[in-house]
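Engineer: Below is a structure I'd like to ask you about.
In the working numbering, the protein residues as written are 276 to 442.
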């Protein structure tokens, strides 16, 4: 299994644990090298972001087996979820967001949040992100802060349970 430090590695290790299979992690310095390794046959599988893999699936260079969300991905509707494939409740997502220094004045945070929210509603932006396998969702600063904290706590529990150290 090729992966990068982060969500793909955690998802791969968690799946390895719940499926009771033995997969050796091969660390790469980013998503692009991991994808290249999988396409080139240097690794037999890849746990990666949809946006890094989606353009290679229609060409036959990669084959989508499962997605780690509870809902099928809009760009890969033919690819089942791990939940659908026999491991109920399995979900591990990668997400992107904007953060600022804690000393940033509240009016600036609110303006950034508002402008980013508006940009994410633009059809051109939404279409571009969707074509790359990204599902757009906006949160206000408090919701995003709570989301990050929940994700950190959840991932910390997973890492501890699996005795996994991301290095």
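Glycine included, C-beta positions come from ideal geometry on N, C-alpha and C. The structure presented is a predicted model; accordingly, all values stated were derived computationally and were not measured.
The alpha helix (DSSP H) spanning residue 453 covers which residue range?
Structural biologist: The structure shown does not extend to residue 453, since the chain is modelled only from 276 to 442, so the question has no answer here.
Engineer: Contact between the region 389–397 and the region 321–331: three or more CB pairs below 8 Å?
Structural biologist: No, because fewer than three Cβ pairs between the region 389–397 and the region 321–331 fall closer than 8 Å, the two stretches do not touch.
Engineer: Which one of 317, 315, 308 has the shortest CA to CA distance from residue 324?
Structural biologist: Residue 308 is the option with its Cα nearest to residue 324.
Engineer: Three-state secondary structure (DSSP) at residue 325?
Structural biologist: Reduced to three states, the DSSP call for residue 325 is helix.
Engineer: The beta strand (DSSP E) spanning residue 374 covers which residue range?
Structural biologist: Run containing residue 374: none; DSSP gives neither H nor E here.
Engineer: Can you name the residues that DSSP bridges to residue 318?
Structural biologist: Residue 318 is not bridged to any residue.
Engineer: With burial defined as no fewer than 16 other Cβ atoms inside 10 Å of the residue's Cβ, what is the status of residue 458: buried or exposed?
Structural biologist: Nothing can be reported for residue 458, as the shown portion of the chain is limited to 276 through 442.
Engineer: Suppose you measure from the CA of residue 383 to the CA of residue 416; what does that come to, to the nearest Å?
Structural biologist: Roughly 11 Å between the two C-alpha positions.
Engineer: Please classify residue 315 as buried or exposed, where buried requires at least 16 neighbouring CB atoms within 10 angstroms.
Structural biologist: Residue 315 should be labelled exposed.
Engineer: Considering residue 387, what are the terminal residues of the alpha helix (DSSP H) in which it resides?
Structural biologist: Counting along the chain, the alpha helix (DSSP H) containing residue 387 begins and ends at 381–396.
Engineer: Is there at least one Cβ from chain B nearer than 8 Å to residue 352's Cβ?
Structural biologist: Absent here is chain B; the protein component of the structure consists of one chain.
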